[in-house]
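Undergrad: Chains A and B, in that order, are what the protein sequence lines are.
Position one of the first sequence corresponds to residue 398 (our numbering), numbered consecutively onward.
Position one of the second sequence corresponds to residue 78 (our numbering), numbered consecutively onward.
Cβ coordinates follow ideal geometry from the N, Cα and C atoms, glycine included.
Here it is, the structure in full.
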Amino acid sequence: MQDPAITPELIAAHGLKPDEYDRILEIIGREPSFTELGIFSAMWNEHCSYKSSKKWLRTLPTEGPQVICGPGENAGVVDIGDGQAVVFKMESHNHPSYIEPYQGAATGVGGILRDVFTMGARPIAAMNSLSFGEPSHPKTKQLVNGVVAGVGGYGNCFGVPTVGGEVRFHAAYNGNCLVNAFAAGLADADKIFYSAASGLGMPVVYLGAKTGRDGVGGATMASAEFDDTIEEKRPTVQVGDPFTEKRLMEATLELMQTGAVISIQDMGAAGLTCSAVEMGDKGGLGVRLDLEKVPVREENMTAYEMMLSESQERMLMVLRPEKEAEAKAVFDKWDLDFAIVGETIAEDRFLIMLDGEVKADLPLSKLSSTAPEYDRPWVETPAAEPLADVPQVDPIDALKILLESPNYAAKNWVYEQYDTMVMADSARTPGLGAGIIRVHGTDKALAFTSDVTPRYVKANPVEGGKQAVAEAYRNLTAVGAKPLATTDNMNFGNPEKPEIMGQFVGAIKGIGAACLALDMPIVSGNVSLYNETDGTGILPTPTIGAVGIINSPNDIIGCEVRDGHVALLIGESAGHLGQSALLAEVFSREEGDAPAVDLDAEKKNGDFIRANREHIKACTDLSDGGLAMAAFELAERAGVGVHLDSDQTPDLFGEDQARYLIACNFDQAEWLMTEAGKAGVTITTVGKFTGDTVRFGSSEASLEELTSLYHTGFAAAVA
Amino acid sequence: MKAAVIVFPGSNCDRDLAVAFESAGADVTMVWHKDSTLPQGVDIVGIPGGFSFGDYLRCGAIAARSPICQAVVAHADRGGYAMGICNGFQVLTETGVLPGALLRNAGLKYICKTVGLKVETSSSAFTEGYNAGDTVNIPIAHHDGNYFADAETVARLKGEDRVAFTYTDNPNGSISDIAGILSENRRVLGMMPHPERAADSGHGGTDGAALFRALTGALAPA
């Protein structure tokens, strides 16, 4: 087949700007071949190169005594004591999921699982953060059903418990849903595998499933805005095979035991290209690939297609040659392909051969190190207008509106489609706050949460960025965990617009400040830009995934609310209603500033909860819907009513930060009051858990009626 | 008691089942699906949950034709004990060791949650730790758990007291609410729910532990 001529149209179709193409000419001193153009486009697109975000990502705190490996590898690695480590990351699969929801979401889960087991860790927990358009939008139901089925279909078969996540709806996602998948794995701290190749003439081995034409150009697609030609992009979405992924995981972990692996890299975005360049670049070596040796499942594949295919469930490895037979035996056992497709070379070359013909010959180190980097112009998000009056409402009527909204209704419809208990170490399954997974065979457990409040970030990127981290900190704290580290998944619109870039910069500043103050360094992450359709951007959505540690089963704060327990509020309340759930859902107003985040108060109050966890029978953080929603959630979980003294809208629905609601008996309440006094923590008795009704002041409804609304709202709106 | 847990390439509850057996005092050997014999002196074979061969074709259909399953069938034919949980139950119906079939859930969706089960009989090595009529809480996690058999078979299962468990609130459309059944000689149990996920206090429920304890007791060397 004749390769097409390199024309300005072809260059533009590869997402390369004219000045970027000029840089290519400068680097190689000649016109690139078609395959070479494809390789540059894969390496330099936004998705792989982080060219718009790198400058700002560098400002994030990434270090701490607990961090074994920060950003830059397939996933972050964090020490959890006893020679063990948790390995985790979150990654988006937004564009593919909008085009083909089941496969897009499924392969998103597959990609993140691969990132984790590539480092030598067995996946033990998954989460997903999903953002959809408004429930009434004609596409929403199909997306919700497809994405949830895809997440479940992949994760359930693979065999990883889904322990948490988020689902939200907002008109800003009508044309661009978000699917952010998180995975965490467990490894021995001294047996982590990295991607840097070493040694000359070492065999480069292809592992896993065969290569097809699926996903060719996927990473470039994911770096472009959507328009009405979107349906034509369906063939760029990959198809997942979780059964192969499960075998690939088992085979890879088994292979690592043999000592055969020098370095290993999964084939994700831009498949063979990115993985080979990454291994060579990090090891300061060149790589030669002989493409005729690549296992393929379609005939007559070109070098271009093989280099850009995003077929799933594949890995690339540099092998210790003396271990070849042993390594191959492992892959034979699991009925997976194992093929030596090239070798490491001394020269700085990325040499791609097909049947003896040179298809690409590029300076390898230049492919990633000279990738463009932009200091995009940005403007600070203007301060929000002060909030106009919010009329007083009947608090029970307002609560009912929240409970029926798919944003705040129970998410059973979603998480019951996920296996939340496989591996038999789930100590707390989804439904309220953080999920907990026991560290198999030890007394330890890990807590997981995923959080962001996009309407806050839109109103005030800096405070909104802080709030996402602070809420994750509180969710981990509320189950008794000590927060360890964070992964961020930055979903934003078109960074070439200064106001969007301003949102990104603001959010990074807020996240950085919060991660530093709360000692939750960022160890991995992902950036998804150009989340726009026909020029309209999504709400800025920097999803925060966080992991905390619990050292003993006794340290877990359960949910043991009993009739007669006191309801105690930790933290200061000012009745902040700007950008609140109440305002959005009851009054359809998105106005005012986001609540300010006092990081010192967050730290102090969180430490107080952990120090006194044995005196706390149940605890939840206050976030969307404020005290009213938190009180209802604890009451609903326990099946015991709750009576709060106040009936004032700001008291009940204000969303001030750094707050928790606690249930405990009278003696414990006395203890906590005394201790709070000593620690300078604000503590207030706000009511009690009792009876079978929810009562705010003199307004009341039966817990049964509210529970029924809470459990039917989601399916009624979008199922 | 010596237990063997079969491992298919897509099994994902194999370790969970082994842990539950071990917690009840059993010695456990993991057996690879390409093997054609069971270890010497095995008292019980456990076929775990998961997606044995990706659940492509039909759940359990490919696994039922694997080398090890010929050995499992021979073991059951000789009067040996076996239990299949979830995908393992599907494998046992596909081999014909247990009657009936598991169809797609009536609601067409995968369901994972803890459900109520009624113990229908205490007369088996698996269920003698319960009283008939007890309600126990055990998780389910399946897409194809809708038990079906023809009327004659169902009548026979009931007449011979071979229904081990029924759902108190049928989640998947199973005929006669059937969640688990016994073989004619009462030595093979197939059930969709996962007792190994409710076997220690950290699981939030321990109703499944009695099954493993009873089994170890019944099969302990005299």
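#1: Within the chosen definition, does the region 903-914 of chain A reach the region 453-461 of chain A through at least 3 CB pairs nearer than 8 Å?
#2: Out of A:T608, A:G547, A:P401, point me to the one whose CA is closest to A:V506's CA.
#3: With a CB to CB cut of under 6 Å and the five nearest residues on each side skipped, what residues in its chain are close to A:A993?
#4: So the beta strand (DSSP E) A:L881 belongs to, where does it begin and stop?
#5: Between which two residues does the alpha helix (DSSP H) carrying A:C912 extend?
#6: Per DSSP, which one or two residues make a beta bridge with A:A522?
#7: What residue from A:I1006, A:D916, A:N1002 has the CA that sits closest to A:V475's CA?
#8: Quick check on this structure: which residue in A:A978, A:S766, A:W731 has the alpha carbon closest to the alpha carbon of A:A606?
#9: How would you list, in chain order, the residues of chain A whose beta-carbon sits under 7 Å from the beta-carbon of B:K186?
#10: Would you mind working out which of A:L575, A:L686, A:S1043 sits nearest A:D758, comparing C-alpha positions?
#11: For A:R711, which residues does DSSP report across the bridge?
#12: How about B:R290 and B:G206: do their beta carbons lie closer than 7 Å?
#13: How far does the alpha helix (DSSP H) with B:D93 in it reach, from first residue to last?
#14: Between the C-alpha atoms of A:T938 and A:T930, what's the straight-line distance to the nearest angstrom?
#15: Is there at least one Cβ from chain B nearer than 7 Å to A:C445's Cβ?
#16: So, under 8 Å CB-CB, B:N182 and B:N223 are touching, yes? Tell me the CB distance rounded to an integer number of Å.
#17: State yes or no: is the C-beta of B:G123 within less than 7 Å of the C-beta of B:A153?
#18: At which residues does the beta strand (DSSP E) containing B:G257 begin and terminate?
#19: In angstroms with no decimal places, state the Cα-to-Cα distance between A:T1079 and A:T767.
#20: Determine the DSSP secondary structure at A:C554, reduced to helix, strand or coil.
#21: Terminal residues of the continuous beta strand (DSSP E) containing A:I742?
#22: What number of angstroms, rounded off, separates the C-alpha of A:L1019 from the C-alpha of A:H1040?
#23: Does the structure place the region 586-602 of chain A close enough to the region 655-674 of chain A that three or more beta carbon pairs sit under 8 Å?
#24: Among the candidates A:F1093, A:V738, A:M714, A:I465, whose CA atom is the shortest distance from the CA of A:D791?
#25: Do we get a CB-CB distance below 7 Å when we pair A:R1034 with the residues of chain B?
#26: Let me know if A:S977 comes out buried or exposed under the rule of 16 or more other beta-carbons within 10 Å of its beta-carbon.
#27: Pick helix, strand or coil for A:E988, following the three-state DSSP scheme.
#28: Can you name, in chain order, every residue of its own chain whose Cβ lies under 6 Å from the Cβ of A:E896, other than the five neighbours on each side?
#29: Am I right that A:T1087 and A:V1037 are in contact with their C-beta atoms under 8 Å? What's the rounded C-beta distance?
#30: Taking 7 Å as the limit between beta carbons, can you name the residues of its chain near B:D112, skipping five residues before and five after?
#31: Using a 10 Å radius around the Cβ and a threshold of 16 neighbouring Cβ atoms, would you call A:N923 buried or exposed?
#32: Taking only beta-carbon atoms, is A:R610 less than 7 Å away from chain B?
#33: Could you please give me the residues that DSSP links to A:I947 through a beta bridge?
#34: Can you tell me where the beta strand (DSSP E) with B:V213 in it begins and where it stops?
#35: In chain order, what residues of the same chain have a beta carbon less than 7 Å from the beta carbon of A:V674, not counting five sequence neighbours either side?
#36: Whose CA, out of A:P520, A:T1081, A:T1017, lies closest to the CA of A:A482?
TA: So, to answer that:
#1: yes
#2: What you label residue 506 of chain A is simply residue 109 of the first sequence in a count that begins at 1. The option with the nearest alpha carbon to A:V506 is A:G547.
#3: Taking the first sequence and counting its residues from 1, the one referred to as residue 993 of chain A is at position 596. Contacts found: E860.
#4: Reading the first sequence from its first residue, position 484 is the one you call residue 881 of chain A. Segment 879-888, the beta strand (DSSP E) holding A:L881.
#5: In the first sequence, residue 912 of chain A corresponds to position 515, counting from 1. Start and end: 895-914.
#6: The count along the first sequence starts at 1 and reaches residue 522 of chain A at position 125. Paired residues: A:A581.
#7: As a first step, residue 475 of chain A must be located in the first sequence, where it is residue number 78. With distances taken between Cα atoms, A:V475 lies closest to A:D916.
#8: Position 209 of the first sequence holds residue 606 of chain A. Nearest C-alpha to A:A606: A:W731.
#9: The count along the second sequence starts at 1 and reaches residue 186 of chain B at position 109. By Cβ distance, chain A contributes Q814.
#10: As a position in the first sequence, residue 758 of chain A is number 361, starting the count at 1. Looking at the Cα atoms, A:L686 is the closest of the given residues.
#11: Within the first sequence, numbered from 1, the residue matching residue 711 of chain A stands at position 314. DSSP, once it has assigned bridges, lists A:G605 as partnering A:R711.
#12: Position 213 of the second sequence holds residue 290 of chain B. Position 129 of the second sequence holds residue 206 of chain B. Yes.
#13: In the second sequence, counting from the first residue as 1, residue 93 of chain B sits at position 16. From DSSP, the alpha helix (DSSP H) with B:D93 extends over 91-100.
#14: Sequence index remark: in the first sequence, residue 938 of chain A carries index 541 (1-based). Sequence index remark: in the first sequence, residue 930 of chain A carries index 533 (1-based). Cα to Cα, the separation comes out at about 16 Å.
#15: Position 48 of the first sequence, counted from the first residue, corresponds to residue 445 of chain A. No, because no Cβ of chain B sits closer than 7 Å to the Cβ of A:C445.
#16: On the second sequence, residue 182 of chain B is found 105 positions in, with the first residue counted as 1. On the second sequence, residue 223 of chain B is found 146 positions in, with the first residue counted as 1. Between B:N223 and B:N182 the Cβ distance is about 5 Å, and since that is below 8 Å, they are a contact.
#17: In the second sequence, counting from the first residue as 1, residue 123 of chain B sits at position 46. In the second sequence, counting from the first residue as 1, residue 153 of chain B sits at position 76. Contact: no.
#18: To locate residue 257 of chain B, count along the second sequence from 1; it is residue 180. Run containing B:G257: 255-259, per the beta strand (DSSP E) assignment.
#19: Counted from its first residue, the first sequence places residue 1079 of chain A at position 682. Counted from its first residue, the first sequence places residue 767 of chain A at position 370. The alpha-carbon atoms of A:T1079 and A:T767 are separated by roughly 53 Å.
#20: For the purposes of this step, residue 554 of chain A is taken as residue 157 along the first sequence, with counting starting at 1. Note: A:C554 maps to helix in three-state DSSP.
#21: The residue labelled residue 742 of chain A in the question sits at position 345 within the first sequence. Segment 734-742, the beta strand (DSSP E) holding A:I742.
#22: In the first sequence, counting from the first residue as 1, residue 1019 of chain A sits at position 622. In the first sequence, counting from the first residue as 1, residue 1040 of chain A sits at position 643. Looking at the two C-alpha atoms, the distance is approximately 17 Å.
#23: yes
#24: As a first step, residue 791 of chain A must be located in the first sequence, where it is residue number 394. With distances taken between Cα atoms, A:D791 lies closest to A:F1093.
#25: The residue you call residue 1034 of chain A lines up with position 637 of the first sequence. No, no contact with chain B.
#26: Start at 1 with the first residue of the first sequence, and residue 977 of chain A comes out as number 580. Label assigned to A:S977: buried.
#27: Looking up residue 988 of chain A in the first sequence gives position 591. Correct three-state label for A:E988: coil.
#28: Position 499 of the first sequence holds residue 896 of chain A. Excluding sequence neighbours, A:E896 sits near V776.
#29: As a working mapping, residue 1087 of chain A is identified with position 690 in the first sequence. As a working mapping, residue 1037 of chain A is identified with position 640 in the first sequence. The pair is a contact, with the Cβ atoms about 7 Å apart (cut-off 8 Å).
#30: Here residue 112 of chain B is taken as the residue at index 35 of the second sequence, counted from 1. Result list for B:D112: P144, I145, in chain order.
#31: The count along the first sequence starts at 1 and reaches residue 923 of chain A at position 526. Counting Cβ neighbours within 10 Å, A:N923 comes out buried, since at least 16 surround it.
#32: Indexing the first sequence from 1 puts residue 610 of chain A at position 213. No, A:R610 does not count as interfacial toward chain B.
#33: Taking the first sequence and counting its residues from 1, the one referred to as residue 947 of chain A is at position 550. A:A842.
#34: On the second sequence, residue 213 of chain B is found 136 positions in, with the first residue counted as 1. Per DSSP, B:V213 belongs to the beta strand (DSSP E) from 212-219.
#35: Taking the first sequence and counting its residues from 1, the one referred to as residue 674 of chain A is at position 277. M440, F747, L761, L764, S765.
#36: Within the first sequence, the letter at position 85 stands for residue 482 of chain A. Of the listed residues, the one whose Cα sits closest to A:A482 is A:P520.
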